[in-house]
Structure formats: C-alpha cells, structure tokens
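The structure appears below as structure tokens.
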Amino acid sequence: MKSCPKCDQQNTDEAHFCQSCGAAFPSSASQVSADENELVRTFIGPTKALLFSLQRGWSWDRADNHYIEKFRRFSNGGRPRFALSWHWPAFLVDPFLWFLYRKMYVYAFVYAVGPVISAYLTGDFTVGIVWRIMAGVSANYIYFWHVKEHVKEITAKKTLDNAAQERSLRETGGIQMYVVWVGLALNVLLLALMLQVIREGPPGEDPFQSDPSQPAPERKYF
Numbered sequence: 000m001k002s003c004p005k006c007d008q009q010n011t012d013e014a015h016f017c018q019s020c021g022a023a024f025p026s027s028a029s030q031v032s033a034d035e036n037e038l039v040r041t042f043i044g045p046t047k048a049l050l051f052s053l054q055r056g057w058s059w060d061r062a063d064n065h066y067i068e069k070f071r072r073f074s075n076g077g078r079p080r081f082a083l084s085w086h087w088p089a090f091l092v093d094p095f096l097w098f099l100y101r102k103m104y105v106y107a108f109v110y111a112v113g114p115v116i117s118a119y120l121t122g123d124f125t126v127g128i129v130w131r132i133m134a135g136v137s138a139n140y141i142y143f144w145h146v147k148e149h150v151k152e153i154t155a156k157k158t159l160d161n162a163a164q165e166r167s168l169r170e171t172g173g174i175q176m177y178v179v180w181v182g183l184a185l186n187v188l189l190l191a192l193m194l195q196v197i198r199e200g201p202p203g204e205d206p207f208q209s210d211p212s213q214p215a216p217e218r219k220y221f
C-alpha cells in the first residue's frame, strides 16, 4: 500500500491515481507529461525551421524541440499563463503568412484584414509595423493554445485508436508548404513593383495643368 501525498489516502501499489482525491502519483505524473510531449511533437511535426533563441542564437533545428521549450514558459506551475516571448518569423515574415503556414486560419484572417483596415482608417501605412510587433510578442502564446486545444480535442475522441489518433494529429497540425511558395511569389511581386517605381521615378506634371509662368488664356464671352 502507498499513501497519497495530497490526502494521505491509502492506495494499492499498482494505483496510478489516488482513489479518493484523484491526484496522480509522481511516477504517473511524469509519464503523463512525457506522453503529452509526444502528442505535442506529433501535432507540431518534425520539420526543421530557421529558429532563434537567446541561448543558441540563430539555428536550423527541429521546430517541435523549439516550441516545446517555449511552451514550458506558458505552463510553469501547471497552470497556463501568458509570458513575454518573441517570435522572429512572425515579425519578419508577413504575420498573415506565418499564421496560415501553421494552420491558424482565424488569426491569419485577422492579420490579413487588420493592417489594411488600420491603414485605411488612419491614413498611415506604417501602422503595419505595429501589427508585426503584436504578432512577434504573441505568436508563441497563440500557437501554444492552438496546439493545446487541438491535442485535447483529438485525444478526447474515444473512437480513435492510437494509429488514427496519430494520423489526426498530423493532419490537423503541422505546416502548409504551399504558403512558403505563396510568400516567395508575393515578395518577388513586391520587389518587381518597387523596382518599377524606382525606374519610372516620381510622377510627371499633369499635362492638363496650366503653366503658372504663362499668361492666362483670354476669356471670350458670347
């Protein structure tokens, strides 16, 4: 028999959870944590990405290792909470493309429409920088909740066996590679437009505008 560290209830040696309060015994808790990490890794996917951290600087590494390290900051003490972090790809790349790349469609829509509406209402196109900063600060936390909610939803389906569960995690999570090519195409198009503007120079004078140095034409009245 072993006693529960939380309520002192006696339980059998084979028990993983207290039969009285439901608390997990230490060995079981660590196993559950390890299992959750594997589910998160499956959802994120094994793809490599250009990543940045204060400890290692820029690196080409597996994205799941990077995000699991980031996610620990949001679940310190067992309860999810916001912690300040920075996401360079979401800041440097168009946030709309990054959220679309990670299959967060609602946020992709918000970051596609939000900067345009803000620029229209304020008349200031630099407002897009504010949206990029917002994405850089919040992207890790938003992705943390995206992963957490989908993993919980998929694992709650009792009709799925282990193989079906893994397949569902991979299909729902992961990335969309076509977004990379869309991003490259948009940036090439933007570069071509900028080069065209530079080549043409500033717009010329309006051909219908009269020259102020010339006398005004004589008006004839009938």
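Just so we're aligned, residue 0 is where the sequence shown starts under numbering that gives the first Met the number 0, counting upward by one. Heads up, the beta-carbon is just placed ideally off N, CA and C, and yes, glycines get one too.
- Query: Is it right to say residue 135 is buried, meaning 16 or more other beta carbons lie within 10 angstroms of its own, or is it exposed?
  - Reply: Looking up residue 135 in the sequence shown gives position 136. By the neighbour-count definition (other C-beta atoms within 10 Å, threshold 16), residue 135 is a buried residue.
- With respect to the beta strand (DSSP E) encompassing residue 50, which residues constitute its N-terminal and C-terminal limits? As a position in the sequence shown, residue 50 is number 51, starting the count at 1. Segment 47-52, the beta strand (DSSP E) holding residue 50.
- Message: Could you check whether residue 82 and residue 73 sit closer than 8 Å to each other, using their CB atoms as the reference points?
- Response: Residue mapping note: residue 73 aligns to position 74 of the sequence shown, counting from 1. Residue mapping note: residue 82 aligns to position 83 of the sequence shown, counting from 1. Going by C-beta atoms, residue 73 is nearer than 8 Å to residue 82.
- Own chain, CB closer than 8 Å to residue 36, minus 5 neighbours either side, in chain order: Translated into the one-based positions of the sequence shown, residue 36 becomes position 37. Excluding residues within five positions, the ones whose Cβ falls inside 8 Å are 67.
- Message: One question on the structure: do residue 138 and residue 127 come within less than 8 Å of each other, judged by their Cβ atoms?
- Response: Here residue 138 corresponds to residue number 139 of the sequence shown, with the count starting at 1. Here residue 127 corresponds to residue number 128 of the sequence shown, with the count starting at 1. The Cβ atoms of residue 138 and residue 127 do not sit closer than 8 Å to each other.
- Task: Answer yes or no: does any C-beta atom of chain B fall closer than 8 Å to that of residue 91?
- Result: Reference to chain B is not applicable here, since this structure consists of a single protein chain.
- May I ask which residues mark the beginning and end of the alpha helix (DSSP H) holding residue 63? Sequence index remark: in the sequence shown, residue 63 carries index 64 (1-based). Taken as a continuous stretch (DSSP letters only), the alpha helix (DSSP H) holding residue 63 covers 62-70.
- Message: To the nearest angstrom, how far is the alpha carbon of residue 31 from that of residue 79?
- Response: In the sequence shown, the residue the question calls residue 31 occupies position 32. In the sequence shown, the residue the question calls residue 79 occupies position 80. Unreliable placement is indicated for residue 31, whose pLDDT of 43 sits below 50; no coordinate value is reported for it.
- Task: Would you tell me roughly how many angstroms separate the C-alpha atoms of residue 145 and residue 199, rounded to the nearest one?
- Result: Locating residue 145 in the sequence shown gives position 146, where the first residue counts as 1. Locating residue 199 in the sequence shown gives position 200, where the first residue counts as 1. Using only the alpha carbons, I get a separation of about 46 Å.
- Item | Nearest residue (CA-CA) to residue 97, options 183, 187, 185, 178 | In the sequence shown, residue 97 corresponds to position 98, counting from 1. Distances from the CA of residue 97 to each of 183, 187, 185, 178 were compared; the closest alpha carbon is that of 178.
- Task: Name the two residues that bound the continuous alpha helix (DSSP H) containing residue 195.
- Result: Locating residue 195 in the sequence shown gives position 196, counting from the first residue. Per DSSP, residue 195 belongs to the alpha helix (DSSP H) from 177-199.
- Query: If you follow the alpha helix (DSSP H) that residue 88 is part of, which residue opens it and which one closes it?
  - Reply: As a working mapping, residue 88 is identified with position 89 in the sequence shown. Residues 87-91.
- Task: Could you spell out the range, first to last residue, of the alpha helix (DSSP H) harbouring residue 95?
- Result: Against the sequence shown, residue 95 aligns to sequence position 96. In the DSSP assignment, residue 95 falls within the unbroken alpha helix (DSSP H) covering 94-100.
- Message: My assumption, with CB atoms under 8 Å, is that residue 39 sits in contact with residue 196. Please give the rounded CB distance.
- Response: The residue labelled residue 39 in the question sits at position 40 within the sequence shown. The residue labelled residue 196 in the question sits at position 197 within the sequence shown. By a beta-carbon distance limit of 8 Å, residue 39 does not contact residue 196. Their separation comes to about 46 Å.
- Query: So, helix, strand or coil for residue 172, using DSSP?
  - Reply: What you label residue 172 is simply residue 173 of the sequence shown in a count that begins at 1. In the three-state reduction of the DSSP assignment, residue 172 falls in the coil class, being assigned neither a helical nor a strand state.
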